[in-house]
Every structure is written in structure tokens, then in C-alpha cells.
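Heads up, the thing below is written out as C-alpha cells.
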Amino acid sequence: MQKLALVGLGASGLFALKELAGADVEVHVFDVGPVYSKRYACPIDQGKLDVCPPKACSYCAPGQSAGSWNDFKVILSASQVIGGRLFDLIGETELQKRLDNVRATILTHAPVEIPVVKPNEDDLNWIKKRATLAGMTYHYQELLHCGSDNAPAINTSILSEIIASGPNIVFHWDTKVLSVARRGEQFAIRFDHYRKPGHETEESFDLCIVSVGRGGAHWLTQQEFYKALDVHPGQVDIGVRVETSCYFTEEVDKRFYEPKLYYRSHRHNDVVRNFCSNPRGFVTPENHRDYVLVNGHSKMYEKSENNNFAVLVSKTFTRPFKDPQLYSQTIARVANMLAGGGPLIQRLGDLRAGRRTKSLQNNLVKPTLEAECGDISLAYPHRILEGIIEYLDALNKICPGVSDDSTLLYAPECKSYPDSISVSKTMETTVPNLFIIGDSSSWTRGVGQAATSGLLAGEGVRQKVKGAGRVFAAAPPGESVAVKPPFVAEIKAEPLP
Ligand SMILES: Cc1cc2nc3c(=O)[nH]c(=O)nc-3n(C[C@H](O)[C@H](O)[C@H](O)COP(=O)(O)OP(=O)(O)OC[C@H]3O[C@@H](n4cnc5c(N)ncnc54)[C@H](O)[C@@H]3O)c2cc1C
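First residue of the sequence shown: 0, per numbering that gives the first Met the number 0; consecutive thereafter.
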């Protein structure tokens, strides 16, 4: 039997594995994290810690399947704009088919009934009118919000089903893949225990699926095969986590949970968008070991009186600069430096007035995350802050109150994306038998499309190994798509359904 290495078992890896369970191929799964049933909830949330542990933990770190464990909101609509760019790769019908599969799988394994958030016609007319008057564009989406509290049960149940139907699968938990290298037609995988290294081993595989997420993006660039890939520099999103009263946003929360509203800043023509809304949720730190970002999540049962969401300004770069990730990490580090190592917090009123926030004692909105009061304008480029303020002023026309002085801004909230990699419709790269899926391919930006890319790769591998013959070849030439460079910066308005 042919052997396949699946490097990383996050959202994309899990759905690739689902497709490969019982297939005619021996699958070896490697993941840095412990077996799913031992992955724990956020220790801060559980009241066991006040601050993040010195090492990034499996709850939040993007290297450890964060979105499937944290908040677990799944976008179910095949959109050209939201959640990734697979629409451009496989088209709307094929994308929607896979997203429906992801939805059905999650709902089957959910321990409680999880409603699908789907705006009705009245809601759509409501938002379309208000968004237009505010100078914003609304993008339609249906979504599932599973909640951080349901995530462990869902993931563990999906994995148990895969194990039951997959005698062809071997797991290497707590194992870091050190390198993937081509050896003739094969891949040499070097791996070691993650927590207790010193048992380095090398094994050969016929095929390889890399699904290391955004956290593994740097690792990916260090691999021997990387130079042979067709890559384009990625994009960065720099912004803040906004926390405001849930009463200011309740009308849209009730109708949409998270309306995707895009805006073009007047002065710089940058795309500014909201992302990851958490009505009645909590702001959390996102610990990357050498810098700390902010994020947010919400739960099905425990609620706050606030809503938090990110407002992000998207930037792409042209030659000679080609390290957008370093750019956003540098901004994040400056913000952390000013805050003594963690996130900064500032009232919107103070940012507008050009002064630092000194205390939040009498502020209308009470923060759900303890952060250092300060001045974000000392860390962020003016252009970015201008876009954020313009966005909040526009949003205020839809959600009156949102741009009140009491609204809180946390920084840094930065998203950097790996290089865009050319792939076939089954996520196979220009290196034959090497598939790169999920956020590490840069084709996806969320759980729904990451899982979809896993299904695509699984289908591709299944076809290749059918009948156990050696039919391994590169994707047919017409199937290999040249990646369109970057994403959000070229947003078009989508017609509403
Ligand atoms: C805090 C946070 C909250 C988020 N919330 C949401 C949300 O609610 N909804 C949403 O759609 N998206 C959310 N996202 C984004 C979402 O997490 C990603 O889009 C999604 O997880 C991508 O899936 P993936 O399989 O590409 O990568 P991941 O899910 O990150 O999985 C990568 C896997 O690879 C493993 N790995 C990495 N390197 C190695 C190595 N060298 N050897 C072995 N294993 C390795 C990791 O342990 C991990 O299990 C969130 C992200 C963060 C950071």
C-alpha cells in the first residue's frame, strides 16, 4: 500500500482525514498537539490562570487549530470574499457542495442543536438599505456558531468516527515534523517528540499533505521543496479588536450574528472590514510566544454585556518588499512593547482626541480583558488608524452608539497570511504528490473553507491511489491554477441572493 504523510490535524487536516478513512493508502498523521480528547479549554476562561502561559497553548495558538477550538464559527456560504478564495479555484457549486458536507458533519457530531444563522429577506432588505446609506457593502453569509464550549466534543466525535472507519490511519500525536524533503519520487519526513525531543526519526512517504495552518507558515518557507513551488507574497490585515456595549449592536446581532460589512477608506482607498464578531462575548489574548495579539470568542452559555469584533485594514505590498508577515509582527511587537509585553487598550474618544487612555474606571463599556491603558497611535501607522475610525463612523449609521467615545479598542489585532501557493483543483502543488491545504496554502482564512480544502485534497488522493496502482503524476496541466494575487484588496460587491 502507498504511504501518505498528513502533517497537521487542524480544521483542514481533519476533513482530509475524513475523506481518506478507509481509502487504499496508509495515512500517517503528525500533529504537535496532544490527542483531541486531551486538548483543554482556555485556562484563563476556566479561572485557572490570569495571564497566558509562557508557551502558546492549544486553545488559542494558530499553530494548534485555534478556530476549531476557539469560538468555532463556521461560514457556510460559498462566497468570493469571505472565508477564503476557493470560489476562484473550484467555483461556487463545487465549493457550496463541500461546505454543505462540512455543515452536515459538524451538526451530526454536535452535542446540542446548533442553529444555522441565515438572514431572511426582510433582514437582507434591512441591511442592504442601511449599508448603502452608510457607504458600506454587505456580503451575504450563512454560518454556524458552535461556541468554544461545544468545540472539544464536536472535534473529538468527528475524530472518533474517522478512527472507527479508518484502519489505514496511524497517529503520531505530540510529534513535530521537523522537515519534509523530496527524495526522488518520495518524501522524507523527519519528526521528533514535541515536548520531550531527542527521538528524531525519518520515514519515507509516497504522498504528502501539508496542513500546518498559519502557525506553520514560517516552517513551510524553510522546507527544501518550497523553492520549487509557485508562490506570490500574501496580504496582511492590521487592525484592532473593538469592544462595545451589546445594546449598540443588538439589532444586527439578532438578525445576522455577524454581518460582513466592507468599506473603502476615503483617503487611502484601503479595504476595511469587520471580522469575527462575538455578541455578548469576551476578548482574549492570543499568545504567540514572542508577541501577544488580541482575539475574541463567545460561548453558548456564559454571556457578557459586550460585543467584540475586529476591524481590519487590508494591505498588500509590491516589490522590493516581500515580507508582509514581518511587517505586521513588527507593528504587533511595538504595541506590546508600549504595553509592557501584552495588549494595549484605548478608548475611541481618547484616540480621536490624540491622548492616551489612563483609566477605564468611569468608562461606560467595561473591558472583558485586562489590558494596559495606552495610546495605540504610538504603535500603528496613521493610515491604518484613519481607516479604522472612518469604518466605525460608517458603522455607527447602522448600529448607533458604536462609535461612542466609550468604545474600547484593543491592539494589536493583526492577521498575516502565508504566501499564496499555486495549486490544482485538488490542492496539489506544482511539486507532484505534494498537497498544501488550509490556511498554510493561503487559499483559506477560516474553518469552513479550510475543511473544504481538506476534502478536496482527500478526494484528489483517493483518485490517485484508486486500485493501488502507481498512478502518481502531477495534476493535469489545465487543472493547475495560477494564483491570482491578493485577496481582499480587490473586493467587488457581490449580488445578494
Ligand atoms: C484565536 C483564533 C480564533 C479563531 N476563530 C475562528 C472561528 O471562530 N471561525 C473560523 O472560521 N476561523 C477562526 N480562526 C481561524 C481558523 O483557526 C483557521 O482558519 C483554521 O484553523 C485553519 O485551519 P488549518 O487546518 O489550515 O490550520 P490549523 O487549524 O491551525 O491547524 C494546523 C495544525 O497543524 C499542526 N502543526 C503545525 N505545524 C506542525 C508541525 N511542524 N508538525 C506537526 N504538526 C504541526 C498544529 O498543531 C495544528 O493542529 C481563528 C483563529 C484564531 C487564531
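Using N, Cα and C, we set each Cβ at its ideal position, and we do this for glycine too.
This one's a predicted model, so the numbers in the text were calculated from it and none came from an experiment.
If I measure Cβ to Cβ from G468 and keep anything under 6 Å in the same chain, skipping five residues before and after, which residues do I get? The predicted model places G468 with a pLDDT of 43, which falls under 50 and marks its position as unreliable, so this point remains unresolved.
Determine which residues share a DSSP beta bridge with F204 and list them. Looking at the DSSP output, F204 sits in a beta bridge with F186.
So, with DSSP's three-state summary, where would you put C245? helix
By Cβ distance below 7 Å, which residues in the same chain neighbour Y261 in space, the five residues on each side in sequence not counted? M135, T136, H138, V270, R272 and I490
Entirely enclosed beta strand (DSSP E) segments - the segment 340 to 395, minimum 3 residues: 343 to 346
Check each candidate in L94, V446, E199 and P232 and name the one with the smallest Cα separation from P319. P232
For R263, report the span of its alpha helix (DSSP H) as first-last. First-last for R263: K259 to R263, but that is the beta strand (DSSP E), not the alpha helix (DSSP H).
Chain D beta carbons: is any one of them nearer than 8 Å to that of K47? Reference to chain D is not applicable here, since this structure consists of a single protein chain.
Quick check: the Cα distance between S156 and D438, rounded to an integer number of angstroms? Looking at the backbone, the Cα of S156 and that of D438 are separated by about 23 Å.
Going straight from the alpha carbon of Q185 to that of E25, what length do you get? 14 Å
Among I162, S327 and L13, the one whose alpha carbon lies nearest that of P380: S327
Residue(s) in a DSSP beta bridge with C413: I237
Since A309 sits in a beta bridge, which residues does DSSP pair it with? In DSSP, A309 forms a bridge with R240 and F274.
Between the C-alpha atoms of Q221 and I330, what's the straight-line distance to the nearest angstrom? 23 Å
Do S440 and S452 come within 8 Å of each other at the CB atom, strictly closer than that value? yes
Within 7 Å: the Cβ of F71 and any heavy atom of ligand 1? yes
Using DSSP with H/G/I as helix, E/B as strand and the rest coil, what is L455? helix
Classify M426 as buried or exposed, calling it buried when 16 or more other Cβ atoms lie within 10 Å of its own Cβ. Classification for M426: buried.
Short of 6 Å in beta carbon distance, which residues of its chain neighbour F247, apart from the five on each side in sequence? Order them along the chain. C398, G400 and V401
Report the three-state DSSP secondary structure of D438 (helix, strand or coil). helix
What three-state label does DSSP hand L3 in the structure shown? L3 falls in the strand class under three-state DSSP.
Check whether the Cβ of N294 lies closer than 7 Å to any heavy atom of ligand 1, and answer yes or no. yes
By the 10 Å Cβ neighbour count, where 16 or more other Cβ atoms means buried, how is P494 classified, buried or exposed? Caution is warranted here: a pLDDT of 46 is assigned to P494, below 50, making its placement in the model unreliable, and the coordinate value is therefore given only provisionally. That one is exposed.
Is it the case that the CB of A352 approaches a heavy atom of ligand 1 more closely than 7 Å? no
Among Q360, R129 and I344, which residue has its Cα nearest to the Cα of S376? I344
Which residues bound the beta strand (DSSP E) around P284? F281 to N286
N294 lies in the alpha helix (DSSP H); which residues open and close that run? Looking at the DSSP string, N294 is not in any alpha helix (DSSP H); the run it does join, the beta strand (DSSP E), is V291 to H296.
Exposed or buried, N361, counting other C-beta atoms within 10 Å across all chains shown (16 or more means buried)? exposed
Which residues bound the beta strand (DSSP E) around Y137? For Y137, the uninterrupted beta strand (DSSP E) run begins and ends at T136 to H138, by DSSP.
One question on the structure: do N277 and F255 come within less than 8 Å of each other, judged by their Cβ atoms? no
Closer than 8 Å by C-beta to H171: which residues in its own chain qualify, once you throw out the five before and the five after it? Chain order, please. H27, V28, F29, D30 and F190
Here's the rule: buried if 16 or more other CB atoms are within 10 angstroms of the residue's CB, otherwise exposed. What is A352? Sixteen is the threshold: since fewer than 16 other Cβ atoms of the shown chains lie within 10 Å of the Cβ of A352, the residue is exposed.
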